[in-house]
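Numbering (this note's numbering), first residue to last: 482 to 1710. Glycine included, every Cβ here is placed at the ideal spot set by N, Cα and C.
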Amino acid sequence: MPTLIALRQACGNFDPQVPEMTALNLVADKIDRAVQRVTPLAYRIHRRSRRWMRRALRKPRSVSEGPNLLPLLIQVLASFSKADGVLLEEEIDSSLGFLRYDYPEAVYSELRQLFRQALYEQQDLSVMAQKLSTQLGADRKIMLGVQLYDLISQAGLKQEQVVAFYSFMSQLGMAAQAIDIVYQLNASEDADASIYQRGASPLEALSFGTNSSADVTLKSLSGTDRLLAFRYHDLILLKNYTGQTVSVRGRPLLRGGFCRIYPGQRILVGDQFLTYQELAAYFNAKKNVSLPQIFVRVHKDADEVQLERSRSRESALEVTFGLKVRVKALRDVNAVLNDVKLKSGTQVEATLEDKIIFHNDSEMDLLDLRRRARAMGGRFQLKASKSEYLVSNNPSLLEEDDILLSPGTSGDVLLKILCDYDKRVGTLEVIDADRPIMVGETPVRGTALLQDGDTIRIDVGQFLRCNFSERIIEEERNIIRTLEVVDINHRFTNSQVALEGISFTINRGELVCVMGASGSGKSTLMKVLGGQLQPTQGQVLLNDRPLYDNLDQLKGYISYIPQEDAFDEHLTIGENLQFAAAIRAPHLSGRDLTRRLEGKLIELGLNERRDSIVGSPVKKTLSGGERKRLNIGLDMIGSADVYLFDEPTSGLSSKDSEHVIEIIRALAHNKIIIVTIHQPSSKLFQMFHKAILFDKGGRLVFFGTPTDMLRYFAEAEHQHQFEAELGACPSCGTTRPEFIFDVLETPLRDISGDIIYEENSRGQLIPARRYSPEFWRDKYEAFRLIQDVKQVSLRRGPLPALPAAPTDKKRFFVRWRDEWTQMRTLLRRSFMSKLRNRANLVITIGVAPVLALLISTLLRYSDSGRYDFASAYHIPTFLFLSLIVAMFLGLTNSADDIIRDRAVLQRERNLNVRLPYYVFAKFVSLGFFALFQCVLFVLIGNYILAIRGMFWIDLGIMLMTAMGGVALGLVVSSLVADPKTAANIVPLVLIPQIIMGGALIKYEDMNRNLALVYTFSRWFTEHPDTEQGKKMNSRLQVPFVCQFIAMRWSYEEMVVAQAKLNPLTERQERTQEKIDVLVAKREDNAEATRRLNELKETLAVLSGLEAKTPDELDGYLKVIDQILDRKRPFDRELFKDASGPVTAEQLYVNQKISDLISNAEMEQSDYRRGGKLNVFFGEGKTYLGMKVNVFVFNTIVLIGSTLVLLGLLHWILRRQLEVRRSGLIRRPS
C-alpha cells in the first residue's frame, strides 16, 4: 500500500525489513509519548467568562470569540488546500462545507472571509498542530483527520499532501488513528481487521451493491459495482467503486473518489437517489439499533390487508426493514415476492423498490410499508444475553443492539435501562436529558424502578412501554399518521362552489403538491385542512378522528403557512425565528432552543443575514427568496405533524423556488407535507411523492405520483390526438408538468382552426375548452376505481389516541413554566417590535415634549400681568389638554398594532397561543411607551406653568387616560382592515372626548335633553314644570350620555386633585381632620388639650405660610409634616423667619381651580335640593346610598372602562380567529 509507505517515511522510521504492523505500532508509541500541553487555568477562566458574557447578551458566536480555535482550524484547512501549490474548487468546497456544517454557531460570512485571508498567508502546520492538540478532544481530532483526508483526496492524494497529513496527525497525538483511517478508506470492504490498532475499524462502514455480499441492495448498480459509505458520529463519507456516474452536490464523483455527505443532501446513482437521512438509517440498522417491523394480516381473497404492530393469530406476514427487507410468511398467502410464492415459513429478502403481488394482481409497495412502520414507532426485542440497554436519539452514543428513538425528539436524550428478566422488573437511569423524564406520572431524577408494563415518557406524545415478561420494549408515538379527506364539498355564501367531492388519503412521510389554475380551490382546501374553514359537507380525518369535531385537541398538530408574509417586519431574522421557536416549543431549554435556532438558520441559508431587519414589502431589506425562506422557517422550527404550505414559491425565481422546496422536502422524512403550487418546473415536480390536480370549480381531476399523472394525461391526449408526445423528455430525463395543463385546458377550435371564445360569469371573454372540468372529474373517478381494484386495500389497525391536556398536580409546574415562557415571549416580541419601529420612537420621544412645550407656552398667562400660578388663567384648560394629549398618544400608538399582527395571529391560531397573554403583552408594551410620553409631558408642562408638587398625581391620572386610549385604539385596530382606515377613525373617537369632556363646552351650557335617564325618571315621579321638580335639578349635573366619556372622569379627577391634593391644601385638610377627631373625642386631659392647641397653631401657621424662596417654603412644609406625624413638637421658633415675598397660596392654589370647586360645593350643599347631588367637580359621590370619594370612584371607573375595552378586544379577536362555519350538511351514519 503506497499510501501507508508514504506515511511511515514521513515519520522517519521506515525500514523495509520491519513488518508493516510493527512499524505502525512504533509510530503510535512514538506519538503517544509526545508532550501534551495543558491549557493554563487563567486561559480557561477567561474563555468561560467570555462564553457566559456572550450568552447573557444573547449574541451569536463569532469567529473572533472562539478562543483562536476556529481561526486556527481555518488556517489548517487553508494550508492543506494549497500544500501542493494548486488550489482546486473541490478543495475549497470541502473546506467551506466542513466549517458551515460542523460549526453552525459561527457566522459563515466571517468564516469565509478568514479562509480567504488564510489562503494568502504562510502557516506552520507543526505549530498549529501543537496548539490544537490541547484544545480538541479525541473525537474532534478524528473528525478533523477524516475531513483533512477528504480534502487532500479532492486533489488526488498527492504525496506531499499525504506526508503533511500524517505529520500533522502525529503531532495531534493521533498517528495510529490516522493510519487506521487511511487504511480503511483505501482498503476494500473486506479489509483485514487485525491491521487496526484496536482490532476494529474506527469508522462504521456500509456497502451498496447488487449481490448478496453487499449490505444494502441497490438495483441501479450492476455486476461488481460498489458504493462504500463510512460514518464517524454525524460525519458520513461516500466512496465510489462503480463505473456509473454518481453525482453528489451537483458534482460528479469519479471512480475511486470519495466525498463527504452533509445533512439534507442527495446522492444520484443512475435513476435512483439516496439521502443523508437514508444513509444514517442504514448505519443504524447495521448497528441493530433501529429495525422497523410490521405485521400484515391478509383478509380473504386478498381484497384487504391490515397492518399490526405486534403479531397476532391472524398475522400472515412479518416484514422487517433493516439493511434489506426481510419478508417472512407466517401462514400461506396467495401472493409472490420476487417470483417466490409466500408459503408458510418462507423467508424472502427484497429491496424497497419491490412489491408483493397478490393473486388478483393487486400490489403492496414495500417502500410504503416501511413509511408506515416508522410512523408506528419502534419495537425492540430484548436479548437474554444482554440486560443493560442504552436509549438515545443520537446513534453515536449507542452500541450494537441498543435502543434508538425514532426521529422527532429534540435535543439529546440518553437513558440506561437495566433489565431483570427473572423478576420482570427493571431500573431506569437518566444519564442526560434536557426535559423531564417520567415513569407514569412521576418525574425521574437519577434512577427509578420499572415494573412490568410501566411507560417511560420521553417527550410530549413519545413513550416507551416496558414489557419485561415478553422481553420487549415498544416505542409509542402519539402522532398523526394519516390525513384523510372524505367527500369534501364547500360553497361560499353566494352559492359559488369552491370544492366539490374531494377525497384522498396522505400518509406520514409523504410530500404532496396541490396544483391547479388560479381560483380552482387550492387555498380553500388548505384552509379546510388547516382547521380554519369548516366545509359545507364531508370530513377531514386525522388518525380517523374528525378534525372539526375535535378541533381543540387536533389543531396543535397542524401548521398552516400562509402565502403572505406572516412575521414582524421590525425584528431581525434571528429574532423572528427565536420568538417563533419559543412560542412553538416553550418546553425546550435555552440551550436546546439556541441549538435548534442555529441549525435552522443554516438550513434556511439565512445565517449570514440573521441580524438583518426583515423590513416591509415596500421597504425591503431581504430578497424575495430570503423572505419566503424565513416565512416557511418560522413553522418548521416547531414540532407539528402536518405542514400546509400555501404557494411558498410564488413570485420567486426558479432557483429560489428549488431552494425553498428542498428545505420543505427535508421535513417530509417524518411528517405530512402539503404544498400548493401553481405550475412547478420539471425539477420541482420530481421532488414530490404525490400530486393533486384541481380543475375549475374545485374538482379533483387526479391524485397520484407525478409519474402516474404525466402518464395519465399523455394517454388521455393520445386517445384524441395520435402521435402526441408524452410529458417527459427521454434525452434529458426531466418531466414537463406544463404538458398537463396543456392537455387539461386544450382550447376548442372552429373549422378554420381559430380558438372559440365564451363569456364567463364576470362577463369576460375566455377561450372555450374542449373538455369541461366535469369531463376530467368523471374520467378520473373511473380511472381511480380501476386503480383501487389493482391496488390492495390497506386497512389500518386502531390508531393511537392523542394526548389529552394534563391535569395531574405533578405536572402542574411543567405546564406553568410553558405558560410563563409563552407570555414572556409575547411580551418581548411586542416590546421589541415597537422599539424597532423608528416612526414610533420619533412619536414617543419627540411629540410629547413638543406638545407640552407648545401648549404650556401658549397658556402661560396671568391676570396680573406678571405670571404666577395663583392667578394663572388657563390652568383648567391645560389640565384638560394634557388629558386630550394622553388619549391622543395612546390612540395613535395602538391604532394599527392589531392590523400589523393580523397575519401572525392567523398563523399562530393553531399553536394554543393564549389570547389573554397576547392582549396583555400588547397593552403592557404600549403602556410602557405611554408612560414615557406622559413623564415627558408632565415634566415640561408643569415646569413651564409652575405647577408644583403634583407630578406623581398628574402622571397617574394622565397614564390612566393614556391606557384607556391604548385599549380603545387596540379595539379600533381589531375592527378595521388597514392603517389608513384606523387613522381616519382616530379623530372620530377623539372629538367626542373633547366635546363632551366638560371643558370645551361646560355641562351647565350643554343641551339638557341629553340627560335622558333623569328626564325619564322625572316623568314617572312628578311634572318637571313644578317647583319641586325644578328644585331637584342642578345645572352642574353631568348629562347621561357624557357619563360614557372617559375624559369626563379623568378631567374631573384631575381638577379636584389639583384643588384638594396640592401640597398646601392637602396639609390643611389633614390638619383639620386631626382637629375634628380630637374635638369629637372630647377628652378632658392635659395631653389632648396640648395636642389640640398644637394642631390649631399649626393650621394657623400653615394658612399664612411665607418664605423668601420656593425651596425654603418646601422646607417649612416638611417641618409641618413632622409635627403632624408627632415626630417633633410644635415650636413657634421654627417659623420665626417664615416671611418673604413667596406665599404658599401663590405657589400651590390656583384661583380658577378654586372657583370651579367652590361652585360645585355650593351646588352640593344647597339645602333646597333635599340632599347632596352628584355634580361635576364634586369632591364626593353618592351611589346606592353610599358615599364614595371622587378619587376612588373615578379611578375605579377609568380602570374599569379600560378593562371592559380589553375584554371587548379579547372577544373580537376570539371571534375573528374562530373557525368559519357554514351551513353544515351531515352525512348519514
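If isoleucine 1380 and valine 1537 are in contact, beta carbons under 8 Å, what's the gap, nearest whole angstrom? Along the sequence shown, one-based indexing puts residue 1380 at 899. Along the sequence shown, one-based indexing puts residue 1537 at 1056. Between valine 1537 and isoleucine 1380 the Cβ distance is about 38 Å, and since that is not below 8 Å, they are no contact.
State the start and end residues of the unbroken beta strand (DSSP E) segment that holds methionine 650. Taking the first residue of the sequence shown as position 1, residue 650 is located at position 169. First-last for methionine 650: 640-653, but that is the alpha helix (DSSP H), not the beta strand (DSSP E).
Quick check on DSSP: helix, strand or coil for isoleucine 717? Taking the sequence shown and counting its residues from 1, one reaches residue 717 at position 236. Looking at isoleucine 717 - three-state DSSP - the assignment turns out to be strand.
Between the beta-carbon of asparagine 1631 and the beta-carbon of alanine 1353, is there less than 7 Å?
-> Counting from 1 along the sequence shown, the entry for residue 1631 is found at position 1150. Counting from 1 along the sequence shown, the entry for residue 1353 is found at position 872. In this structure, asparagine 1631 places its C-beta atom within 7 Å of the C-beta atom of alanine 1353.
ask   = So arginine 707 packs on glycine 690, CB below 8 Å; how close in whole Å?
value = Your numbering for residue 707 matches position 226 in the sequence shown. Your numbering for residue 690 matches position 209 in the sequence shown. For a cut-off of 8 Å, the C-beta gap from arginine 707 to glycine 690 is around 5 Å, short enough to register as a contact.
Taking alanine 1147 as part of the alpha helix (DSSP H), name the residues at either end of that continuous run.
The residue labelled residue 1147 in the question sits at position 666 within the sequence shown. Residues 1135-1148.
| task | Whole angstroms is fine: what's the gap from glutamate 1255's alpha carbon to glutamate 981's? | result | On the sequence shown, residue 1255 is found 774 positions in, with the first residue counted as 1. On the sequence shown, residue 981 is found 500 positions in, with the first residue counted as 1. Rounded to the nearest angstrom, the two C-alpha atoms are 10 Å apart.
Nearest CA to the CA of isoleucine 1634: which residue from Leu1542, Val1328 and Thr1579?
-> On the sequence shown, position 1153 is the one that residue 1634 refers to. Selected option, being the one with the closest Cα: Leu1542.
Roughly how many whole angstroms lie between the Cα atoms of aspartate 620 and alanine 1402?
Counted from its first residue, the sequence shown places residue 620 at position 139. Counted from its first residue, the sequence shown places residue 1402 at position 921. For aspartate 620 and alanine 1402, the distance between alpha carbons rounds to 46 Å.
DSSP state of threonine 1691, grouped into three classes?
Position 1210 of the sequence shown, counted from the first residue, corresponds to residue 1691. Before going further, note that residue 1691 is histidine rather than threonine in the sequence given. Residue state, collapsed to three classes: helix.
With 16 other Cβ atoms within 10 Å as the buried cut-off, status of lysine 1101: Against the sequence shown, residue 1101 aligns to sequence position 620. Burial call: exposed.
Selection from Tyr1424, Val920, Glu955 and Glu1079 that minimises the alpha carbon distance to serine 1337: Taking the first residue of the sequence shown as 1, we reach residue 1337 at position 856. Minimum Cα distance to serine 1337 is reached at Tyr1424.
Is DSSP giving glutamate 956 helix, strand or coil here?
Within the sequence shown, numbered from 1, the residue matching residue 956 stands at position 475. Reduced to three states, the DSSP call for glutamate 956 is strand.
Could you tell me the alpha carbon to alpha carbon distance between proline 500 and valine 644, rounded to whole angstroms?
Within the sequence shown, residue 500 is the residue found at index 19, counting from 1. Within the sequence shown, residue 644 is the residue found at index 163, counting from 1. Note that proline 500 has pLDDT 37, beneath the 50 cutoff, so the model's placement of it is unreliable and no number is given.
**Asked** Short check: CB of threonine 1186 to CB of valine 995, under 7 Å?
**Response** Your numbering for residue 1186 matches position 705 in the sequence shown. Your numbering for residue 995 matches position 514 in the sequence shown. Result no, Cβ atoms of threonine 1186 and valine 995 do not sit closer than 7 Å.
| Close beta carbons around serine 793, own chain, < 8 Å, minus the five adjacent residues each side | Start at 1 with the first residue of the sequence shown, and residue 793 comes out as number 312. Same-chain partners within the cutoff: Phe776 and Arg778.
Of all the alpha helix (DSSP H) runs that stay within the bounds of the stretch 993-1061, which reach a length of 4 or more residues? 1003-1010 and 1032-1035
Open item on the list: Please report the distance separating the alpha-carbon of leucine 1716 from that of leucine 1386.
Closed with: The chain is shown only over 482 to 1710; residue 1716 falls outside these bounds and no answer can be derived.
Notebook entry, point to check: Thinking just about the alpha-carbon of each residue, which of Ile1526, Ser877 and Ile1236 is nearest to the one in isoleucine 1472?
Noted result: Counting from one through the sequence shown, the residue named residue 1472 turns up at place 991. Ranking the options by Cα distance to isoleucine 1472, first place goes to Ile1526.
Next on the checklist: Measuring only the C-alpha atoms, how far is alanine 1121 from alanine 610?
Outcome noted: Walking along the sequence shown from the start, residue 1121 turns up at place 640. Walking along the sequence shown from the start, residue 610 turns up at place 129. If I take the Cα positions, the gap works out to 45 Å.
Contact check, isoleucine 1054 vs leucine 1111, beta carbons under 7 Å:
Translated into positions along the sequence shown, residue 1054 becomes position 573. Translated into positions along the sequence shown, residue 1111 becomes position 630. Yes.
Going by DSSP, what residue range makes up the beta strand (DSSP E) through valine 557?
Taking the sequence shown and counting its residues from 1, one reaches residue 557 at position 76. Note, valine 557: premise wrong, no beta strand (DSSP E); alpha helix (DSSP H) at 550-562.
- Among the residues of its own chain, which have a CB less than 6 Å from the CB of alanine 491, if the five just before and after it don't count? Taking the sequence shown and counting its residues from 1, one reaches residue 491 at position 10. Low per-residue confidence applies at alanine 491: pLDDT is 42, beneath 50, and the placement is therefore not dependable, though the value from the model is reported in the following sentence. Once the five neighbours on either side are set aside, the close Cβ partners of alanine 491 are Val644, Tyr647 and Ser648.
- Query: Is it right to say histidine 1140 is buried, meaning 16 or more other beta carbons lie within 10 angstroms of its own, or is it exposed?
  - Reply: Translated into the one-based positions of the sequence shown, residue 1140 becomes position 659. Label assigned to histidine 1140: buried.
Query raised in the report: Whole-angstrom Cβ separation of leucine 1052 and valine 967, contact assumed at under 8 Å?
Result: Residue 1052 sits at position 571 when you count from the first residue of the sequence shown. Residue 967 sits at position 486 when you count from the first residue of the sequence shown. Not quite, the Cβ-Cβ distance comes to about 41 Å (not below 8 Å), so this is no contact.
**Asked** Should the stretch 1388-1402 be regarded as contacting the stretch 1315-1333, the criterion being three or more beta carbon pairs within less than 8 Å?
**Response** no
- request: For leucine 1417, name the three-state secondary structure that DSSP assigns.
  value: For this step, residue 1417 is matched to residue 936 along the sequence shown. Three-state DSSP puts leucine 1417 in a helix.
Using 8 Å as the cut-off, can you tell me whether the stretch 1224-1234 makes contact with the stretch 1245-1262, which would need three or more C-beta pairs spanning the two stretches below that distance? yes
Run of the alpha helix (DSSP H) containing leucine 798, from where it starts to where it stops
Along the sequence shown, one-based indexing puts residue 798 at 317. Leucine 798 -> not in any alpha helix (DSSP H); beta strand (DSSP E) instead, spanning 798-802.
Q | Buried versus exposed call for aspartate 1668 [16 or more other C-beta atoms within 10 Å across all chains shown] | A | Locating residue 1668 in the sequence shown gives position 1187, where the first residue counts as 1. The amino acid at residue 1668 is misidentified as aspartate; the sequence shows lysine. Lysine 1668 comes out exposed.
Spatial distance of phenylalanine 1501 from phenylalanine 1521 (CA atoms): Here the question's residue 1501 lines up with position 1020 in the sequence shown. Here the question's residue 1521 lines up with position 1040 in the sequence shown. The predicted position of phenylalanine 1501 is uncertain, since its pLDDT is 47 and thus under 50; a value taken from the coordinates is nonetheless stated next. Going from the Cα of phenylalanine 1501 to the Cα of phenylalanine 1521 covers about 17 Å.
_Between glutamate 1644 and leucine 1517, how many whole angstroms is the CB-CB distance? I'm expecting something under 8 Å._
For the purposes of this step, residue 1644 is identified with residue 1163 of the sequence shown, where counting begins at 1. For the purposes of this step, residue 1517 is identified with residue 1036 of the sequence shown, where counting begins at 1. Right, their Cβ atoms sit about 5 Å apart.
Exercise. Do the CB positions of threonine 1552 and leucine 1580 come within less than 7 Å of each other?
Worked result: Within the sequence shown, residue 1552 is the residue found at index 1071, counting from 1. Within the sequence shown, residue 1580 is the residue found at index 1099, counting from 1. For threonine 1552 and leucine 1580, yes; Cβs fall inside 7 Å.
Identity of the residues DSSP links to aspartate 901 by a beta bridge: As a working note, residue 901 is residue 420 in the sequence shown. In the DSSP output, where bridge partners are listed per residue, aspartate 901 has Val906.
Test item: CB-CB of glycine 907 and leucine 878 under 7 Å
Residue mapping note: residue 907 aligns to position 426 of the sequence shown, counting from 1. Residue mapping note: residue 878 aligns to position 397 of the sequence shown, counting from 1. No, these two residues do not count as a Cβ contact at 7 Å.
**Request:** Since I believe phenylalanine 1175 is in contact with glycine 1327 (beta carbons under 8 Å), could you give me their beta-carbon distance rounded to a whole number of angstroms?
**Result:** Against the sequence shown, residue 1327 aligns to sequence position 846. Against the sequence shown, residue 1175 aligns to sequence position 694. Wrong, their Cβ atoms sit about 53 Å apart, outside the cutoff.
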